[in-house]
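Beneath this line is the structure, given in structure tokens, with notes to follow.
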Amino acid sequence: MKKLLVGLLFLMVGGMPSFAQKKMMYGVVMQIDTSKLIYYYIYSFNEAEREGKARMVLQVGDKLQRFSSMENYLSDSLALTFNNEPQDTKLLLQRSMELRRSLDFRGDVRWVLYTNYPTGKRSITDRVFMDRFLTEEEEVLPEWQLVDEQKEIAGRLCSKATTTLYGRKWVVWYSEKESRPDGPWLLRGLPGVVVLAEDSTGDFSFELYKIEHRSTPILYGVRDYFKASRNDVLKAMKRYYDNMAQYVAATAAGQQTSDLPKTDPINYNPLRKIKE
Numbered sequence: 002m003k004k005l006l007v008g009l010l011f012l013m014v015g016g017m018p019s020f021a022q023k024k025m026m027y028g029v030v031m032q033i034d035t036s037k038l039i040y041y042y043i044y045s046f047n048e049a050e051r052e053g054k055a056r057m058v059l060q061v062g063d064k065l066q067r068f069s070s071m072e073n074y075l076s077d078s079l080a081l082t083f084n085n086e087p088q089d090t091k092l093l094l095q096r097s098m099e100l101r102r103s104l105d106f107r108g109d110v111r112w113v114l115y116t117n118y119p120t121g122k123r124s125i126t127d128r129v130f131m132d133r134f135l136t137e138e139e140e141v142l143p144e145w146q147l148v149d150e151q152k153e154i155a156g157r158l159c160s161k162a163t164t165t166l167y168g169r170k171w172v173v174w175y176s177e178k179e180s181r182p183d184g185p186w187l188l189r190g191l192p193g194v195v196v197l198a199e200d201s202t203g204d205f206s207f208e209l210y211k212i213e214h215r216s217t218p219i220l221y222g223v224r225d226y227f228k229a230s231r232n233d234v235l236k237a238m239k240r241y242y243d244n245m246a247q248y249v250a251a252t253a254a255g256q257q258t259s260d261l262p263k264t265d266p267i268n269y270n271p272l273r274k275i276k277e
């Protein structure tokens with residue numbers, strides 16, 4: 002693992018332009034809608050030997066929705082302020098460090114979910130090491146079972162509902178005071194806003210902590226994506242966390258660091274063949 006980190010550090014530093022002389026892109030984004038309503042959730046997770054928390058942001062626009070980590074939300078907003086133009090590397094480093102310091106916890110949540118984008122579908126962008134993936138699926142609402150049970154959560158009277166997604170049972174509490182069908186991740190379509198959602202194993206949960214009514218741009222990160230099914234992306238992620246050195250060595254970046262163990266990139270990561 003030490004060799005892996007040293008190799009990656011050498012690669013990233015060696016590939017960056019001189020702070021004193023060069024400019025570089027922070028990121029490229031495009032605005033695809035305007036949000037007038039924002040929900041803030043705390044996402045807790047325990048998967049693939051990774052446990053953590055992340056602040057999440059759900060932006061609701063007239064045409065579509067975006068759900069992402071606070072880090073991704075702020076990072077894309079920063080890219081917008083730079084107007085998709087190269088900036089002085091010292092400024093980029095400073096602003097990036099300020100952004101990270103502003104987060105009390107991050108959780109390393111890299112995926113971003115777009116609902117009804119493109120129309121009638123949902124898109125999920127994700128990143129595994131330096132590989133960026135795009136998944137497009139049909140937009141289908143969960144099949145909810147409403148339960149005749151209520152309790153108060155954070156000052157809101159909430160009703161109970163259950164559903165099963167990808168073989169995982171969810172118990173959800175929603176507030177009809179906010180009579181909108183909004184919720185985190187895929188947990189939407191109820192007679193009110195989702196306030197708390199927990200899966201039956203206790204490994205995943207979303208908890209609402211704030212709602213804001215203000216206009217913000219809904220942004221889409223313009224990247225060079227590999228198009229893949231969500232299941233294949235999750236398999237790639239599992240390979241990465243099971244053996245980071247082997248996964249990294251199978252990428253173009255990893256092959257530039259000669260002290261990393263090598264493997265056949267095609268056999269090891271077949272997703273690389275489906276890029277469009």
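So the sequence shown is numbered by the numbering used here: it starts at 2 and just counts up by one.
All C-beta atoms in this analysis are idealised placements derived from N, C-alpha and C, irrespective of residue type, glycine included.
Predicted model only: the values in this text are computed from it and were never measured.
Practice task
My understanding is that TYR74 touches VAL58, with C-beta atoms under 8 angstroms, so please give their C-beta distance in whole angstroms.
Solution key: The residue given as residue 74 occupies position 73 in the sequence shown. The residue given as residue 58 occupies position 57 in the sequence shown. Between VAL58 and TYR74 the Cβ distance is about 4 angstroms, and since that is below 8 angstroms, they are a contact.
LEU197: first and last residue of the uninterrupted beta strand (DSSP E) it sits in: Here residue 197 is taken as the residue at index 196 of the sequence shown, counted from 1. Looking at the DSSP string, the run of the beta strand (DSSP E) that includes LEU197 is 194-200.
query: Mind checking whether GLU144 and LYS122 have CB atoms under 8 angstroms apart?
result: On the sequence shown, residue 144 is found 143 positions in, with the first residue counted as 1. On the sequence shown, residue 122 is found 121 positions in, with the first residue counted as 1. In this structure, GLU144 lies away from LYS122, with their beta-carbon atoms at least 8 angstroms apart.
Answer yes if the stretch 150-161 comes into contact with the stretch 193-208, meaning at least three C-beta pairs across the two stretches below 8 angstroms, and no otherwise.
yes
DSSP state of ASP204 mapped onto helix, strand, coil: Taking the first residue of the sequence shown as position 1, residue 204 is located at position 203. In the structure shown, ASP204 sits in coil (DSSP, three-state: anything other than H, G, I, E or B).
query: Can the beta-carbon of SER70 be found less than 8 angstroms from the beta-carbon of THR136?
result: Taking the first residue of the sequence shown as position 1, residue 70 is located at position 69. Taking the first residue of the sequence shown as position 1, residue 136 is located at position 135. Result no, Cβ atoms of SER70 and THR136 do not sit closer than 8 angstroms.
task = Would you grab the beta carbon distance between LEU280 and TRP171 for me? Rounded to a whole angstrom, and I think it's under 8 angstroms.
result = It is not possible to answer for residue 280, since the shown part of the chain is limited to 2 through 277.
Answer yes or no: do ILE39 and TYR210 have a C-beta to C-beta separation smaller than 8 angstroms?
As a working mapping, residue 39 is identified with position 38 in the sequence shown. As a working mapping, residue 210 is identified with position 209 in the sequence shown. For the 8 angstroms CB-CB criterion, ILE39 and TYR210 do not form a contact.
query: With 16 other CB atoms within 10 Å as the buried threshold, where does TYR242 fall?
result: Stepping through the sequence shown from its first residue, residue 242 is reached at position 241. The residue is exposed, with fewer than 16 neighbouring Cβ atoms inside 10 Å.
Can you tell me which of the three DSSP states LYS239 falls into?
As a position in the sequence shown, residue 239 is number 238, starting the count at 1. LYS239: helix per DSSP, three-state reduction.
Could you check if ILE267 is buried or exposed, using at least 16 other CB atoms within 10 Å of its CB as the buried criterion? Along the sequence shown, read from residue 1 onward, the residue named residue 267 stands at position 266. Low local confidence applies: a pLDDT of 35 at ILE267 is under 50, so the model's placement there is unreliable, and no value is given.
Q. Who are the near neighbours of LEU166 in its chain, counting only those whose CB is closer than 7 angstroms to its CB and skipping five residues on each side?
A. Translated into the one-based positions of the sequence shown, residue 166 becomes position 165. Hits under 7 angstroms: PRO143 and LEU187.
Checklist entry - Can ALA237 and VAL129 be called in contact, C-beta distance under 8 angstroms? => result To locate residue 237, count along the sequence shown from 1; it is residue 236. To locate residue 129, count along the sequence shown from 1; it is residue 128. In this structure, VAL129 lies closer than 8 angstroms to ALA237 by Cβ.
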